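Accompanying notes for the structure given below.
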Amino acid sequence: MRSGLSRRTWGWALAFAALGIALCFVPLFDLLGYEASFALALAASLAGAHLGAQAVWQARTQAAPSTLAQAEARPFRAVLSLFAATTLRVWALLFLPLVALSLNALRVRNCDYLSGLAWFVVLPLLSAACASAAGVTVGLLAPTRRRLTATVLAVAVVFGSLLWGGYRFYVEPPIFAYDPFAGYFAGSLYDEEVRIAAPLLWARAYHFAVASAALSACALFLDGKKLALSLRAARGRLPLAGLTLLFSLIALGLHHDRARLGFQRDTAQLARALGAERVTPHFVLHYSPRGPFAKDIDRYAADAEFRYAELHQLLGVAPLGRVDAFLFDSAAQKGALMGAAHTSIATPWRRQIYLQADGWPHPVLMHELAHVFMGRFGDSIFGVSRRGLAFNVGLIEGAAVAASWDGTPSELTPDQQVKAMREAHIAPPLGRVMSLDFLGLSAAQAYAEAGSFCRFLLERDGPKTFGALFHAAGDARAYPRLYHKSFAALEAEWSKQIDAVRLPADEAALARERLSRPGVFHRVCAHELALRRQAAQEALAAGDSARALQLLRSVCADDPDEPQNRVAVMDTAYAAGDRAATRSAALLLIDDPKLDSTLRSRAQAMLGDLALTSGDRAGAAAHYRAALSLPLAEDAARLVTAKRIAAEEPPGPIADGLSRYLVPPKGHRDDALDLLDLSELVRAAPDRGLFHYLFGLRLAAHDQPARSAAELTLSLSSARALPDARFRRAALRQLGRARFLDGDLAGARAAFAELAKDPRPSVRREATDFLARIAAELTTRPADSRNDAR
């Protein structure tokens, strides 16, 4: 307490204690894990830089002559002592928030304390070491007796590194960042599988190599008598020169291989990693020549141009140059190359979008492209809805949902989802949604509500007014100026529109089940449990069903209030062939009165599968009927209906073939056998529309549009019609797609024109979207082809 350094250390101790206590009351940061360690790494870096520079200043101004003489004789030891003393001091300071967060585990569930300790080591402890090295280096480089100068310069190094990371985020695709002081910025908030992976360890090795090279260089050039650096001091210090060269070569080698090691990439490296590109009038498509996009790249290119034209017509603006679309083979490849494994990303300021393979038409292409288009209305730096430091995330995401209204498939429209949330009393306040608070809400709820309100504004006064609101970042004063009504008045007007939305009871129940899930900030051990679920999937894919079940049961134990965990146990036990565990999990779901009826319907359907595969056809039919009496998503309802028909089928080859196809025994699913079973069913009962329907879907999955269309046409005209309207909708939808892919635009138009009359808004949206696609295709065809199509 007597020295200035001690006072500064005690000051940092109070700051670290306060930070540790504060983190205990911030969701997601309140347990020892990635987020808390990230915050502590930033604080430790500032402390390390400050105290390292001050340690040099104090030694320079207060050291005895004998100490300076010893530093001259043993420069490496002198520098290492300054570095070690500072690092250990900061590590001691970090013990305070570590204790606070550890004790907080008594109040907030921490599912893997050892994993949290690993993050604590890799982020704040190593960041403290890097910052201490920077502080000592800057202190020795700045031969001044002014205490403040050395501190400012040392802290400036930390902020400079962070600014450099921000600059790289601005100019390059990767959304992750590896920094010597911040440690690791994971990127997307919605990607929960955050782990200590090889790229982070390589990055830390690189940071340590750079710090070691800096410290050894300081020792090489150290004038011990002045505790300052001098070129003349290096004479005769060949071992230190060799050590400095060694660390420098290691750092340079790691920097050279940074893309291969995965901790830093730029646009050119990303394009080379994918390997192929296709240029269109408005796009440069980057894709793997051996990946899922390659075979149908012409189709994806045409789809991108179609979406571009739609957005141009809707918004009245277009990007100023070609859009770079990076098309990744899988979520895993996307996560490794640029981050955001399970989150699609757009960067309006660079006119780039990043998508993983997810079928054709790509379900989120228009949404991400809409972000780029809205960049024309956004601020001059990021092209988003920003005013100063205020980012209106609700407007940013809501605008994309609104602009891609018909181009993003979903069971319910955003309006219907908002209606369901209101009926369930879980709708967040619109004011919070249309602000930065968007990020703290459930993603499903926030996206639906923001999209619904933005679509209302877009349709009410057109894109020019909406674009001006976007540019103003939704400032409260902008609403009266642009819409001649306050935000509250517009909200009331929009609410009346939502009140008029019709939503059947079963659809409301389905929406409630999906929309009630909490956001990442309010989930139990969000990252750790997400990693366990992913590990369970990997174990099941590798054939280790026992390991998969063990992991999922541990998830249930740590988060018993999340019913989806128990559903995962049930599904995994069935896939593993554990009939007893499957039945037990299903019965627990059925008997829990707190669960949503949609989950009980899934459990009833599972019990039906168990009964059907064991030969109890009457019991299976009863369970399937019970499932169908509860709310089910339309695709699930079709599957359960088909299984009920299989269970009620008279014993014989048809019943056996249909049951074998719909509920295959464990390990017996085979594409060739499936096609054989379906072809035999069609031959055995050519008058049954269900068999033609199933065969048509399977052929479509094998990219056989002409043969698929033929079977689906027979399914719609067979003497024994499809089971219900849900099957007819699905058959028409797939028939329209198959005909479009086969080049039969007239036939595709007829199918989608019928769907456009459907009472379900989501079905009409998709039909309208395809009719517009067909019209666009007709305008680009030669005249003789257009005549044939008509």
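The numbers in this note's numbering rise by one with no breaks, and the one at position 377 of the sequence shown is 377.
Every residue, glycine too, gets a C-beta built ideally from N, C-alpha and C.
All figures in this text were calculated on a predicted structure; none of them were measured in a lab.
Best match in E562, A573, D266 for proximity to Q550 [C-alpha to C-alpha]: A573
Nearest candidate by alpha-carbon position, reference A133, set G431, T67, A217: A217
Cβ contact (3+ pairs, closer than 8 Å) linking the segment 46-61 and the segment 20-37: no
Opposing strand residues paired with V279 [DSSP bridges]: V284
Sequence-distant residues of its chain with Cβ nearer than 7 Å to R739 (five each side left out): A709, G747, A748, A751
Top-ranked residue by Cα proximity to T641, from L690, P292, Q352: L690
Proximity of A581 and R566 at Cβ, strictly below 8 Å: no
Reference A776, options A304, L103, L469, closest by Cα: A304
Proximity of S597 and P653 at Cβ, strictly below 8 Å: no
C-beta atoms of L215 and D223 nearer than 8 Å: no
Alpha-carbon spacing of H471 relative to P348, whole angstroms: 14 Å
C-alpha gap between D298 and R278, whole angstroms: 9 Å
CA nearest to the CA of L243, picked from S212, G577, A259, L153: S212
Cβ pair count under 8 Å reaching 3, the segment 534-544 against the segment 451-465: no
Cα-Cα separation, A508 to L732: 25 Å
Beta-carbon separation (whole angstroms), A646 vs L676, contact threshold 8 Å: So it is not a contact: roughly 17 Å between Cβ atoms.
Rounded Cβ spacing between P563 and L610 (contact assumed at less than 8 Å): So it is not a contact: roughly 20 Å between Cβ atoms.
Segment contact flag, the segment 363-370 with the segment 402-413, C-beta cutoff 8 Å, min 3 pairs: yes
Inter-residue spacing [alpha-carbon to alpha-carbon] between T9 and A476: 45 Å
C-alpha distance - K485 paired with R729, whole-angstrom precision: 42 Å
At least 3 beta-carbon pairs within less than 8 Å: the segment 330-343 vs the segment 353-365: yes
Cβ distance (whole Å) where F391 is taken to contact L436 below 8 Å: 6 Å
Test item: CB-CB of V158 and A186 under 8 Å: no
The segment 324-333 in contact with the segment 391-405 per 3-pair CB rule at 8 Å: no
Residues bridged to R720 [DSSP beta-bridge criterion]: R688
Beta-carbon contacts of L152 that lie in its chain and below 8 Å, excluding the five residues immediately before and after: The sequence given here places Val at residue 152; Leu does not occur at that position. Taken in chain order, the list of residues that qualify is empty.
For A177, the residue or residues it bridges with in DSSP: F185
Entirely enclosed alpha helix (DSSP H) segments - the segment 404-456, minimum 4 residues: 414-423, 430-433
Residue environment, E513, which counts as buried when at least 16 other CB atoms sit within 10 Å: buried
Rounded separation between G615 and H623 - CA only: 14 Å
CB contact flag (A448, Q497, <8 Å): no
Sufficient close CB pairs (3 or more, under 8 Å) joining the segment 156-176 to the segment 78-91: no
Proximity to A473 [Cα-Cα], best of C454, E491, E459: C454
Option nearest P664 by Cα separation, candidates G608, R583, F16, H312: G608
The segment 12-19 touching the segment 90-105, judged by at least three CB pairs closer than 8 Å: yes
For A424, the nearest candidate out of L23, S516, H362 (CA to CA): S516
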